[in-house]
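Trainee: If you scroll down you'll find the structure; I have some questions about it.
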Amino acid sequence: MATFLSHETCPTIKNILLLDSEGKRVAVKYYSDEWPTNSAKLAFEKSIFTKTQKTNARTEAEITMVENNIIVYKFVQDLHFFVTGGDEENELILATVLQGFFDTVTLLLRNNVDQREALENLDMILLCLDEIVDGGIILETDGSIIAGKVATHSIDDGAPLSEQTISQALATAREHLTRSLLK
Amino acid sequence: MAQPLVKKDDDRDEEADYSPFLGIEKGAVLQDARVFNDPQLDARRCSQVITKLLYLLNQGDSFTKVEATEVFFAVTKLFQSKDNGLRRMVYLIIKDLSPSADEVIIVTSSLMKDMNSRTDMYRANAIRVLCRITDGTLLTQIERYLKQAIVDKNPVVASAALVSGIHLLQTTPEIVKRWSNEVQEAVQSRAALVQFHALALLHQIRQNDRLAVSKLVTSLTKGTVRSPLAQCLLIRYTSQVIRETGVNSQTGDRPFYDYLESCLRHKAEMVIFEAAKAITELSNVTTRELTPAITVLQLLLSSSKPVLRFAAVRTLNKVAMTHPMAVTNCNIDMESLISDQNRSIATLAITTLLKTGNESSVDRLMKQITNFMSDIADEFKIVVVEAIRSLCLKFPLKYRSLMNFLSNILREEGGFEYKKAIVDSIVILIRDIPDAKESGLLHLCEFIEDCEFTYLSTQILHFLGNEGPKTSDPSKYIRYIYNRVILENATVRASAVSTLAKFGALVDSLKPRIFILLRRCLFDNDDEVSVVRDRATLYLNSLGDGSVAETDKDVKEFLFGSLDIPLTNMETTLRNYAQNPTEEPFDIDSVPREVKSLPLVEKKAPGKKPTPLGPPPPAPTSASDAYERILSTIPEFANFGKLFKSSVPVELTEAETEYAVNVVKHIFDHHVVFQYNCTNTIPEQLLENVTVIVDASEAEEFSEVGVKPLKSLPYDTPAQTFVAFERPEGVPSVGKFSNTLRFTVKEVDTSTGEAEDDGVEDEYQLEDFEVVAADYILKVGVSNFRNAWESMDPDTERVDEYGLGPRESLVEAVNAVISLLGLQPCEGTETVPNNSRSHTCLLSGVYIGNVKVLVRLSFGMDSSKEVAMKLAVRSDDVNVSEALHEIVASG
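As you go down the protein sequences, you meet chains A and B in turn. Under the numbering used here, the first residue of the first sequence is numbered 1, with each subsequent residue one higher. Under the numbering used here, the first residue of the second sequence is numbered 1, with each subsequent residue one higher.
Now the structure itself:
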């Protein structure tokens with residue numbers, strides 16, 4: 001488990017969570033030791049899932065506070081995306097990380113963003129988490145760059161993405177994003 | 001063979017709940033991991049197994065030490081494969097397995113090879129893995145590569161090395177600090193995120209070197225910053241530099257403020273917000289500095305993105321605590337946020353409005369909130385209730401609509417914490433706003449008619465017993481109280497009986513009827529606990545014969561007076577009594593009344609929430625309560641009457657001397673008691689029989705009547721000695737007192753803590769202090785000065801004019817007169833606008849003898865800085881109006 005380091009002035013992410021429509025884990029990554037045990041983590045996941053469940057976070061990312069933490073979140077189909085930071089953190093930085101995570105997953109799953117697709121491509125989701133944040137420090141927030149880093153390995157792998165080239169996938173996805181923005 | 005990880009697309013619709021990990025089991029996956037040892041590696045299959053292992057870890061499964069080691073060793077074999085994808089998965093699982101030091105050695109060489117690979121992705125990832133699992137000794141071996149990587153032309157590699165550096169700085173700072181040249185170079189990188197990571201690392205390397213940080217900020221604020229994230233960092237570092245340098249005293253300008261202000265026009269919202277937040281958090285920020293930040297935040301309030309609205313309203317909410325006026329411009333935008341879908345935003349908007357609202361907007365605001373309350377969670381409701389409470393204390397005239405609001409929400413559904421917050425608020429309003437008392441008590445009565453929380457019922461009954469008998473028509477509460485005796489559980493019944501008895505004891509006309517009710521309580525049918533019957537019996541037997549007659553004072557004191565002995569002492573004495581069986585009854589006078597050490601009330605008081613419903617006897621809620629408690633434990637001072645005022649402590653010694661002594665002046669009707677708080681700061685000494693010898697030759701109207709010496713004063717344990725003086729009644733006698741501390745000093749062996757038997761008498765000179773006119777005046781504010789002024793008899797008004805001589809500024813003159821009179825400034829009139837030539841200041845207070853005083857001060861300053869003042873005083877007593885003029889004339 002990554003050890004969490006306190007950086008007074010550097011923006012810090014405490015965790016990134018991807019849960020399903022029942023609040024169960026698809027993939028999670030904790031960078032803070034605020035939740036030392038698995039049960040503490042599960043309890044945190046449960047509390048934020050219950051708190052956000054009824055909100056509409058499908059068009060725009062939503063935001064709330066739980067136990068002195070700020071949580072930004074967004075839902076698509078049966079997937080719930082969360083990014084957590086401390087209560088002094090710039091909310092917009094957290095939202096940028098969430099957007100990066102969300103865009104990457106959309107690109108990697110070629111717009112089929114749902115739980116089943118995510119689990120089938122869990123390796124890519126995990127690599128994606130690894131490329132967004134390292135030990136709480138933001139590595140990259142641009143979805144297409146992160147997807148590019150994650151997807152390089154799939155080219156000669158015969159994995160699903162090989163059906164179209166990466167640049168094509170990125171182009172379709174970008175087009176889709178633009179369309180959804182213009183809606 | 002296990003199921004292939006990735007199913008074909010055409011299977012998809014067969015089962016809705018299909019998961020590739022359905023029925024996954026740790027033992028089987030560990031078996032599968034044997035494929036890592038195959039001489040002919042199937043890269044795809046190995047990747048799938050690693051994914052399954054990572055899935056298990058991610059779900060919270062843990063591997064035993066043996067299992068983890070086996071998997072780790074097997075994984076190390078996979079470095080043989082040239083498959084990119086597999087290598088990435090290998091990196092991931094090595095990090096997640098967090099291998100021990102002796103295991104790390106196995107992969108070190110493979111990872112070092114990857115660090116020097118031509119594939120950028122290998123280099124970047126190998127650096128991050130190696131730095132994550134390595135320890136200090138290994139780090140020296142790879143240091144050279146890391147330094148190179150920091151300035152690598154591939155941004156991903158450079159960022160990997162820099163971020164690893166940030167982590168390593170926590171464990172091996174001495175090594176990372178050697179890289180500052182390379183890091184410095186990376187700060188100039190054209191790659192946006194490399195610059196961000198380099199800046200973060202460079203700042204952490206130099207964070208203890210103020211000058212270096214200041215230089216860094218100076219150069220970067222002039223240069224180019226490429227990413228919004230780096231810009232945010234720079235804003236944070238700039239705020240830090242501003243905090244440490246302070247405002248330029250000559251020009252009044254703040255260094256770097258212009259930079260922060262320019263960031264408000266940045267194209268990235270993240271940066272705009274970071275800058276606005278930084279400006280609002282500047283210490284002693286002025287309105288002029290705040291304005292541009294508030295304007296930007298106001299724009300964000302109407303953003304379509306919830307995150308932006310939340311960030312803006314949360315920041316404005318904080319600003320409203322210190323600069324409510326600056327936020328009022330946003331009120332219209334805030335009001336529209338009350339209906340925001342996101343309830344966190346709505347709650348923040350409401351509480352901000354409650355902080356910035358003025359008296360005229362209260363009613364409208366309450367209407368909006370009423371609609372809002374029904375659909376938010378309890379935690380938000382509590383925040384709103386607390387905000388309403390402070391609003392009501394700010395605008396006491398509006399108590400009617402606010403009290404109605406509280407009573408309405410009290411009737412609705414809600415959990416204990418929420419209900420308690422409402423009840424607490426009503427109790428505070430009843431205490432602080434006399435007009436609100438009767439309606440507030442009735443609301444509470446109605447609440448206990450249908451209250452599911454025993455704790456709240458008993459607390460309200462207790463409060464009702466204290467306040468109800470003092471109202472104009474106490475009889476109307478009896479019905480509510482007696483209903484509790486019939487309908488509730490034993491705990492509530494018992495407290496209702498006590499409340500009834502209190503009414504009986506305090507309201508003579510009600511006594512016969514109360515007796516009838518109490519007699520009925522004797523038939524209470526609870527078999528297990530007889531507390532209800534016991535209480536009823538006690539009260540019936542002690543309150544007299546049930547006729548309309550005044551209850552004996554001693555009985556009242558015995559039944560309902562506060563227990564004036566410290567509870568800890570009581571506990572100790574009772575425990576001793578119980579341990580030594582004796583025929584003698586317990587004697588409450590045997591409990592020592594001396595308080596062990598003075599609670600540091602002055603320090604605790606601010607910031608601590610009042611506890612209006614504390615268990616009886618209520619804990620001291622203010623410094624004066626605490627003082628009264630201490631003084632009442634000293635029999636010599638018991639007949640001095642009610643304490644009028646206690647001054648703030650006046651230091652009588654320099655800081656860091658052998659003995660630290662300060663004095664608190666307690667003013668009574670005929671007496672003055674000086675409380676000397678002494679601290680012995682020498683570990684090698686024990687002081688005994690400590691007294692203060694007071695020379696009152698320069699205070700002619702005072703004569704000493706009593707001394708309460710301090711038996712012993714050990715090291716670092718504050719304790720008090722007292723000296724009491726008599727003075728003429730009603731006259732604000734003033735005078736100067738010189739003091740000498742006299743004591744017996746004993747040597748203490750610090751190793752054993754034991755003091756020698758023989759001591760030496762010694763004295764220690766303390767500084768003088770004065771009793772001044774302001775000591776006889778209590779600071780008591782009024783909410784509406786004009787009303788209060790006009791309701792006073794104009795005949796009591798005394799007006800005169802005074803010349804105050806040349807002064808530096810009006811501010812100085814105003815402050816001097818306020819502190820001379822010791823009155824409470826009202827309606828913010830103590831603040832004098834900069835460079836103004838005239839000012840009116842409104843003061844109010846209570847003069848000894850409980851005489852209300854209002855003062856209107858008009859100041860004017862001419863071109864030669866000569867200040868003139870017109871003093872108009874009204875009070876309940878003409879003599880007091882004149883006395884205040886005398887204070888000014890002689891001050």
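Don't be surprised by glycine CBs; every beta carbon is placed ideally from N, CA and C. Quick caveat: nothing in here was measured; it's all calculated off a predicted structure.
1. According to DSSP, is phenylalanine 372 (chain B) helix, strand or coil?
2. Taking buried to mean at least 16 other C-beta atoms within 10 Å of its own C-beta, is glycine 85 (chain A) buried or exposed?
3. Among the residues of its own chain, which have a CB less than 7 Å from the CB of aspartate 96 (chain B), if the five just before and after it don't count?
4. Taking glycine 27 (chain B) as part of the alpha helix (DSSP H), name the residues at either end of that continuous run.
5. Please confirm whether lysine 305 (chain B) has its beta-carbon closer than 8 Å to some beta-carbon of chain A.
6. Taking Cβ to Cβ, would you say alanine 95 (chain A) is nearer than 8 Å to valine 307 (chain B)?
7. Can you look up glutamate 770 (chain B) in the DSSP assignment and give me helix, strand or coil?
8. Between the C-alpha atoms of glutamine 341 (chain B) and asparagine 677 (chain B), what's the straight-line distance to the nearest angstrom?
9. If contact means a Cβ-Cβ distance below 7 Å, which residues of the segment 116-130 of chain A contact chain B?
10. Helix, strand or coil: how does DSSP classify tryptophan 35 (chain A) here?
11. Excluding the 5 residues flanking phenylalanine 196 (chain B) on each side, which residues of the same chain have their C-beta closer than 7 Å to its C-beta?
12. In three-state terms, what does DSSP make of isoleucine 142 (chain B)?
13. Determine the chain A residues that contact glutamine 59 (chain B) at a beta-carbon separation under 8 Å, and present them in chain order.
14. Within the continuous beta strand (DSSP E) that includes cysteine 128 (chain A), where are the two ends?
15. For proline 806 (chain B), list the residues DSSP reports as bridge partners.
16. Is the CB-CB distance between arginine 806 (chain B) and lysine 865 (chain B) below 8 Å?
17. Could you pull out every residue in the same chain whose Cβ sits closer than 7 Å to the Cβ of threonine 64 (chain A), ignoring the five residues on either side in sequence?
18. Using a cut-off of 9 Å between C-beta atoms, extract the partners of histidine 203 (chain B) located in chain A.
19. Closest to threonine 752 (chain B) by C-alpha separation, out of B:Glu269, B:Glu684, B:Asp876 and B:Arg364, would be which residue?
20. What three-state label does DSSP hand lysine 609 (chain B) in the structure shown?
21. Helix, strand or coil for methionine 861 (chain B) per DSSP?
22. How about histidine 885 (chain B) and valine 873 (chain B): are their beta carbons less than 8 Å apart?
23. What are the boundary residues of the beta strand (DSSP E) that phenylalanine 725 (chain B) is part of?
24. With DSSP as the reference, identify every bridge partner of cysteine 841 (chain B), one or two as the case may be.
25. Since glutamate 274 (chain B) meets chain A, which of its residues come closer than 7 Å, beta carbon to beta carbon?
26. Closer than 7 Å by beta-carbon distance: list the chain A residues that pair up with valine 163 (chain B), in chain order.
27. So what does methionine 115 (chain B) bridge to, in DSSP terms?
28. By Cβ distance, which residues of its chain are closer than 6 Å to alanine 187 (chain A), with the 5 residues on each side in sequence left out?
29. If you run the structure through DSSP and keep just helix, strand and coil, what is lysine 420 (chain B)?
30. With DSSP collapsed to three states, give me the class of aspartate 876 (chain B).
31. Candidates B:Thr291, B:Ala198, B:Ser336 and B:Thr347: which alpha carbon is nearest methionine 325 (chain B)'s?
32. Does the count of Cβ pairs from the segment 665-675 of chain B and the segment 768-780 of chain B closer than 8 Å reach three?
33. With a threshold of 8 Å between beta-carbons, can isoleucine 48 (chain A) be considered close to chain B, or not?
34. With DSSP as the reference, label asparagine 58 (chain B) as helix, strand or coil.
35. On the three-state DSSP scale, how would you describe methionine 1 (chain A)?
36. Across which residues does DSSP place valine 90 (chain B) in a beta bridge pair?
Mentor: Concretely, from the data shown:
1. helix
2. buried
3. Taken in chain order, the residues that qualify are Leu54 and Leu57.
4. 26-32
5. Closer than 8 Å: yes.
6. yes
7. Three-state result, glutamate 770 (chain B): strand.
8. 56 Å
9. Answer in chain order: Arg116, Leu119, Glu120, Leu122, Asp123, Leu126, Leu127 and Asp130.
10. In the structure shown, tryptophan 35 (chain A) adopts coil according to DSSP, grouped into three states.
11. Ser227, Leu229, Ala230 and Leu233
12. Note: isoleucine 142 (chain B) maps to helix in three-state DSSP.
13. Arg25
14. DSSP places cysteine 128 (chain A) in no beta strand (DSSP E) but in the uninterrupted alpha helix (DSSP H) bounded by 122-132.
15. B:Glu866
16. Note that residue 806 (chain B) is proline in the sequence shown here, rather than arginine. Cβ atoms of proline 806 (chain B) and lysine 865 (chain B): closer than 8 Å.
17. Lys51, Thr52 and Ile71
18. Correct list: Thr9 and Cys10.
19. B:Glu684
20. For lysine 609 (chain B), the pLDDT reaches just 39, beneath the cut-off of 50, and the residue's location in the model is therefore unreliable, leaving the point undetermined.
21. strand
22. The beta carbons of histidine 885 (chain B) and valine 873 (chain B) sit closer together than 8 Å.
23. Phenylalanine 725 (chain B) -> beta strand (DSSP E) spans 719-726.
24. B:Leu857
25. Taking a Cβ-Cβ cut-off of 7 Å, the neighbours of glutamate 274 (chain B) in chain A comprise Asn90, given in sequence order.
26. Chain order gives the chain A residues near valine 163 (chain B) as Asp134, Ile137 and Leu139, where near means a beta carbon separation below 7 Å.
27. Partner(s): none; methionine 115 (chain B) has no beta bridge.
28. There is no way to answer for residue 187 (chain A), as the model of chain A reaches only from 1 to 183.
29. Looking at lysine 420 (chain B) - three-state DSSP - the assignment turns out to be helix.
30. Per DSSP, reduced to three states, the secondary structure at aspartate 876 (chain B) is coil, with no helix or strand assignment.
31. Closest by C-alpha distance to methionine 325 (chain B), out of B:Thr291, B:Ala198, B:Ser336 and B:Thr347, is B:Thr291.
32. Contact annotation: the segment 665-675 of chain B touches the segment 768-780 of chain B, with at least three C-beta pairs closer than 8 Å.
33. no
34. helix
35. For methionine 1 (chain A), the predicted structure reports a pLDDT of 32, less than 50, and the residue's modelled location is therefore unreliable. A value from the coordinates is still provided. Correct three-state label for methionine 1 (chain A): coil.
36. BP columns for valine 90 (chain B) are empty, so no partner.
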